[in-house]
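Throughout, the working numbering is defined as the position within the sequence shown, counted from one, plus 31. Step one of this worksheet: look at the structure below.
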Amino acid sequence: MTKADASLRIRQIIELETRLTPHLGHQSITIDLNRARARQTRLAFLPLAVGFLRFSVYAVVTVTTNILIWKEEIAYAGCNKWSAAQLVPTTWNQDLLPCPYTRTQATVADCCFALDKACKLGESCWFHQGRPQFQEESAVECYRSKGTNSYGAGGQCCYGQNGQLITTGTGAGSDDRYHSSHYIFKHFFHDVLPFIGCCKVSRDPEMCDTYLRHRPPRRGSNTNPQNGGAWGDPHYQTLDGLAYTFNGYGEYTYLAILEHDTATLQEITAAFDSTLNYTFMSQVRTAICNSGLSPCIWTW
32 MTKADASLRI RQIIELETRL TPHLGHQSIT IDLNRARARQ TRLAFLPLAV GFLRFSVYAV
92 VTVTTNILIW KEEIAYAGCN KWSAAQLVPT TWNQDLLPCP YTRTQATVAD CCFALDKACK
152 LGESCWFHQG RPQFQEESAV ECYRSKGTNS YGAGGQCCYG QNGQLITTGT GAGSDDRYHS
212 SHYIFKHFFH DVLPFIGCCK VSRDPEMCDT YLRHRPPRRG SNTNPQNGGA WGDPHYQTLD
272 GLAYTFNGYG EYTYLAILEH DTATLQEITA AFDSTLNYTF MSQVRTAICN SGLSPCIWTW
């Protein structure tokens with residue numbers, strides 16, 4: 032973090048835990064806030080002078096959690112000043128990965144997405160509660176992109192109770208100007224604090240909409256789906272981008288959609304010449320089958 036990111040002055044230190052022994056590798060520490068509070072003679076306020084917001088935020092340690100206490104009028108002014116300094120999102124959110132369409136897909140996309148520990152299934156997702164007055168869906172679990180683009184931005188994907196990607200409102204994940212893991216302080220001051228001020232403290236829905244314009248929801252549908260196909264020897268490319276060559280001989284199912292009415296795409300390969308060791312596609316046919324049709328209707 033540099034002075035250009037935020038000006039941070041700590042005027043009082045609160046002792047939360049003592050006698051901590053560091054270890055190599057990953058280490059987690061559980062802090063008993065009841066015990067920490069007992070060591071304080073009074074509630075401790077930490078004035079944080081946040082340069083980019085131009086107003087002070089006070090963090091107060093209570094029995095259960097850390098609470099950010101802002102006056103609504105200060106949050107309103109700060110949100111406006113923050114908004115005036117923002118660039119158009121398309122100048123920094125290019126080439127971010129589109130979100131998996133379902134939570135099930137996100138859980139197995141270990142290559143690209145990691146569980147957001149601030150919003151896990153079965154726990155509170157305070158940052159991603161939809162606004163009831165707009166019938167917005169609330170998230171039950173969120174995932175964050177593991178990598179960044181060339182601008183250091185990151186993507187967040189949030190899913191509703193039905194497991195589907197949320198793409199609108201405050202329940203949705205967002206494009207973050209700075210990746211939450213790669214640029215922790217920048218993310219906190221440029222993405223998290225503005226959200227709290229514009230959407231959590233301020234009760235003006237236009238202020239929250241302003242934030243959402245600058246940090247738009249991360250969609251799964253804003254990128255064209257991967258094309259699939261087959262050609263030549265034959266060579267194949269599946270819908271998830273896998274390319275390979277298959278020289279099987281006979282009749283094969285290339286694509287099957289098993290929900291509701293069943294659609295099947297089949298291909299038939301034949302030997303080009305009995306003296307040569309390769310095949311080609313002689314037919315491609317599709318079938319639509321449902322409980323009211325027997326047998327299936329084939330077209331090719």
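C-beta atoms are modelled at their ideal positions from N, C-alpha and C, and glycine is treated no differently.
Can you give the Cα-Cα distance for residue i and residue j, rounded to whole angstroms?
i              : j                 : result
glycine 186    : glutamate 167     : 20 angstroms
glycine 191    : asparagine 278    : 43 angstroms
alanine 203    : leucine 243       : 10 angstroms
asparagine 124 : phenylalanine 226 : 17 angstroms
alanine 170    : threonine 198     : 11 angstroms
arginine 250   : aspartate 235     : 25 angstroms
threonine 138  : aspartate 126     : 21 angstroms
valine 119     : glycine 200       : 19 angstroms
aspartate 335  : glutamine 164     : Only positions 32 to 331 of the chain appear in this structure, which leaves residue 335 out of reach.
serine 181     : alanine 106       : 31 angstroms
lysine 151     : valine 223        : 18 angstroms
alanine 116    : threonine 276     : 52 angstroms
proline 247    : glutamate 282     : 47 angstroms
serine 155     : leucine 146       : 14 angstroms
lysine 217     : tryptophan 157    : 21 angstroms
alanine 140    : threonine 284     : 26 angstroms
threonine 241  : glycine 153       : 30 angstroms
cysteine 130   : tyrosine 174      : 9 angstroms
I'd like the list of long-range same chain contacts for residue i, defined as Cβ closer than 7 angstroms, with 5 residues on each side in sequence excluded.
i             : result
threonine 179 : Gly185, His210, His213
arginine 134  : Glu172, Tyr190, Gly194
serine 176    : Leu127, Leu128, Cys143, Phe144, Gly185, Gly186
glycine 183   : Tyr209, His210, His213, Tyr214
glutamate 103 : Val232, Ser233, Arg234
glycine 161   : Glu167, Glu168, Ser169, Gly200, Thr201, Gly202
histidine 159 : Cys150, Ser169, Ala170, Cys173, Cys189, Thr201, Gly202
Kindly identify the DSSP beta-bridge partner or partners of residue i.
i             : result
proline 248   : Ser205
glutamine 195 : Thr133
glycine 186   : Asp206
tyrosine 174  : Leu146, Cys188
Among the options, whose alpha-carbon lies nearest the alpha-carbon of residue i?
i             : options                        : result
threonine 121 : Thr284, Thr276, His245         : His245
alanine 148   : Leu196, Thr241, Cys188, Gly161 : Reading the sequence as shown, one finds lysine at residue 148 and not alanine. Checking every option, the nearest Cα to that of lysine 148 belongs to Cys188.
threonine 136 : Asp240, Thr241, Leu196         : Note that residue 136 is glutamine in the sequence shown, not threonine. It is Leu196.
Within a Cβ cutoff of 6 angstroms, which residues of the same chain sit near residue i, ignoring the five residues on either side of it in sequence?
i              : result
methionine 238 : Cys110, Cys229
tyrosine 132   : Leu196, Gly251
Alpha helix (DSSP H) segments (min. 4 residues) lying fully within the stretch 109-171
134-139
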